[in-house]
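**Q** In our numbering, the protein residues as written are 4 to 153.
Here's a structure for you.
What follows is the structure in C-alpha cells.
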C-alpha cells in the first residue's frame, strides 16, 4: 500500500507551537496504529500513513482543531517564539495574518519563516529563510542569501 506524508500542528497560538496532552492523544487515536509520527524542526509533526486514509484523517484532524499542511517543498507555518509576552505587545495579530498568508505554498525547497516580537529572538528568526523581528518599536525584515548550485 502506498504511503503519504503531511504536516500537523496545533495552529498558530500565543506562546508558540504547543501541543496539549489531550491533543497528542487525539492525534494518535485519529491517525491509528499503522501511521508514524515524526517531530520536525519546522514546529510540526509529520504524519506518514496509508494513502487511502489520508483525506478522511485530514478532515477529522481539521474538525478537531489541528492545522494540516502539506509536507516537503512548501512554505512552513510561521515559526514564532515560545516565550511571547502577549498578543498585543508582540503584534501577534499581524503574525497570525502573515502565517495564514504564507503557509502551504509550493517552493523549490522547504522554506522557514520566523517571527519575533522582541529583540530577544528566542525563536531564532535570523536562522530562518525569512525573518521579522522588533526592537525599540522598529521592525526588521531579513532574508537569507540564496545560493545557486551549478
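Even for Gly, the Cβ is constructed at its ideal location relative to N, Cα and C.
None of the values given here were measured: they were computed from a predicted structure.
Examine the Cβ distances between the segment 133-146 and the segment 110-117 and report whether three or more of them are shorter than 8 Å.
**A** yes
**Q** DSSP three-state label for residue 14, please.
**A** In the chain shown, the residue the question calls residue 14 occupies position 11. Looking at residue 14 - three-state DSSP - the assignment turns out to be coil, as it is neither helix nor strand.
**Q** Report yes or no: do three or more beta-carbon pairs, one from the segment 38-52 and one from the segment 74-81, lie closer than 8 Å?
**A** yes
**Q** The beta strand (DSSP E) spanning residue 71 covers which residue range?
**A** Residue mapping note: residue 71 aligns to position 68 of the chain shown, counting from 1. Start and end: 70-73.
**Q** Which one of 118, 109, 23 and 107 has the shortest CA to CA distance from residue 67?
**A** What you label residue 67 is simply residue 64 of the chain shown in a count that begins at 1. Answer by Cα proximity: 23.
**Q** Could you spell out where the alpha helix (DSSP H) holding residue 29 opens and where it closes?
**A** In the chain shown, the residue the question calls residue 29 occupies position 26. 24-34 is the extent of the alpha helix (DSSP H) around residue 29.
**Q** For residue 7, name the three-state secondary structure that DSSP assigns.
**A** For the purposes of this step, residue 7 is taken as the residue at position 4 of the chain shown. Looking at residue 7 - three-state DSSP - the assignment turns out to be strand.
**Q** For residue 103, does the count of other Cβ atoms within 10 angstroms reach 16, so buried, or fall short, so exposed?
**A** Position 100 of the chain shown, counted from the first residue, corresponds to residue 103. Residue 103 is exposed by the Cβ-count criterion.
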